């Protein structure tokens, strides 16, 4: 009996030692991965101009999010637009952005001075948001804001393309992580912006909100103008030669399945996200009885959750693949919209922000890297292709989201969102995985 108890005690001691060793190994592994993550971040910030791109993305995120929680409320309550007319208004803004980016796509990787494009685009955006305060008649506002804000659309894709070029020139291969870090700082702006917007709204009203957005866009333009040292500055002549297939190059068409399916999926996913963002402030205020400030807090909460998620997912993309992460994001978005369809209180919407933040992190941030992996030799073209798919989705989301909300009510909009993520998941499951960025690829001009 004593021998059996002694053997049993010995087994327990060995088991405890094994568990201790395993726990210690896991802790060491965690610290190693944490150190590796910080080392990668430090390495990116040593790349010339990358810090400026990060600051620019954060300021643009702040600029947009100062206004975005209150834009639908301003246009419907102050200007007097119907939900459908507001959707049409936003669709026209998106369409102008698509047209401008499509024109730039012809010159994106053939000597276009990205610095001048970014400065001009941010100036147009600053004037566009200030125009909300000047024009209150629908047609005048539609024309003026659509043109100015639409011409401001290239700012973000050109910053991403410039960052991709800088990372590639440095010899680093973690471009997906670099994109995720940039996008996470954009989300940090969306965490800060609604708080600033709420303060400006309380102190100065909508005038303070729109002028605040204009000021942040102007700040981005000034920073880029004075501090960005681009390779084009060595020559005063701006080369605007169109991209065309040279000898030995093959062209790529949207008719190709490996391009078409991700392009369509991104359109639908952007349409879903735009429809959601268009309606969530109205849903919170008009359906759940919340306030404008609470709507802004919900948007800020989602943006705050996106920051660590984007950084973490960017470091995991090389392990699991961009496409798989995007498909996982579609599943989480579906669960979130089912939650919204059954929500009867603000706490359910707040609790679901982790799902929404995961969707944005897995689709919006990773999606750009997926397109750049498909076209690694032409980062500007790949970024514009991604941007146009997102903008087309925004256009459709503004049109259909506003129309469905006006006809069927704010809650039933999320049936549309649920269907969109389901179709997107099916498209991505049949799409290609994308080329690796460290593989040599010929130039692939878009035809």
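Numbering (the working numbering), first residue to last: 36 to 482. Don't be surprised by glycine CBs; every beta carbon is placed ideally from N, CA and C. Keep in mind that this is a model prediction, so the values were computed, not measured.
Since residue 98 contacts residue 149 with CB under 8 Å, what's their CB separation in whole angstroms? The C-beta distance from residue 98 to residue 149 rounds to 19 Å, too long to meet the 8 Å contact threshold.
Closest residue to residue 76 among 335, 301, 214 and 180 (Cα-Cα distance): Distances from the alpha-carbon of residue 76 to those of 335, 301, 214 and 180 put 214 closest.
Let me make sure I understand the geometry here. Which of 376, 404 and 205 has the alpha-carbon closest to that of residue 80? For the residues 376, 404 and 205, the minimum Cα distance to residue 80 belongs to 205.
Can residue 185 and residue 131 be called in contact, C-beta distance under 9 Å? Taking a C-beta distance under 9 Å as the contact criterion, residue 185 and residue 131 qualify as a contact pair.
For the alpha helix (DSSP H) that residue 201 lies in, which residues bound it at each end? That run of the alpha helix (DSSP H) goes 190-204.
On a Cα-Cα basis, can you pick out the residue from 327, 454, 433 and 465 that is closest to residue 126? For residue 126, the closest alpha carbon among the candidates 327, 454, 433 and 465 is that of 433.
Please report the distance separating the alpha-carbon of residue 241 from that of residue 166. Near 12 Å, if we compare the C-alpha coordinates of residue 166 and residue 241.
Top-ranked residue by Cα proximity to residue 108, from 219, 312, 300 and 304: Ranking the options by Cα distance to residue 108, first place goes to 312.
If you follow the alpha helix (DSSP H) that residue 408 is part of, which residue opens it and which one closes it? In the DSSP assignment, residue 408 falls within the unbroken alpha helix (DSSP H) covering 401-409.
May I have the straight-line CA-CA distance separating residue 466 from residue 110, to the nearest angstrom? Rounded to the nearest whole angstrom, the C-alpha separation of residue 466 and residue 110 is 39 Å.
Using alpha carbons as the reference points, say which of 299, 153 and 224 lies closest to residue 338. It is 224.
Three-state secondary structure assigned by DSSP to residue 377: Residue 377 falls in the coil class under three-state DSSP.
Using a threshold of 9 Å, state whether the C-beta atoms of residue 262 and residue 87 are closer than that. Against a cut-off of 9 Å, the Cβ pair of residue 87 and residue 262 comes out as a contact.
For residue 390, which of helix, strand or coil comes out of DSSP? In the three-state DSSP reduction, residue 390 falls in the helix class (H, G or I).
What three-state label does DSSP hand residue 172 in the structure shown? In the three-state scheme derived from DSSP, where H, G and I count as helix and E and B as strand, residue 172 is classed as coil.
Would you mind stating whether residue 395 and residue 436 have Cβ atoms separated by less than 9 Å? No, they are not a contact pair.
In the structure shown, what three-state DSSP assignment does residue 82 receive? In the structure shown, residue 82 sits in coil (DSSP, three-state: anything other than H, G, I, E or B).
Is it buried or exposed, residue 237, if we count other Cβ atoms within 10 angstroms and call 16 or more buried? Exposed, by the Cβ-count rule.
For the alpha helix (DSSP H) that contains residue 455, what are its first and last residues? 448-465 is the extent of the alpha helix (DSSP H) around residue 455.
Counting only the same chain and skipping the five closest in sequence on each side, list residues whose C-beta sits under 8 Å from that of residue 216. If we look at residue 216 and ignore the five residues flanking it on each side, its Cβ neighbours are 76, 79, 89, 345, 346 and 349.
What does the Cβ neighbour count give for residue 171, buried or exposed, with the cut at 16 atoms within 10 Å? Exposed: under 16 other Cβ atoms inside 10 Å.
Buried or exposed for residue 115, going by 16 or more other Cβ atoms inside 10 Å? Here residue 115 is exposed, its C-beta having fewer than 16 other C-beta atoms within 10 Å.
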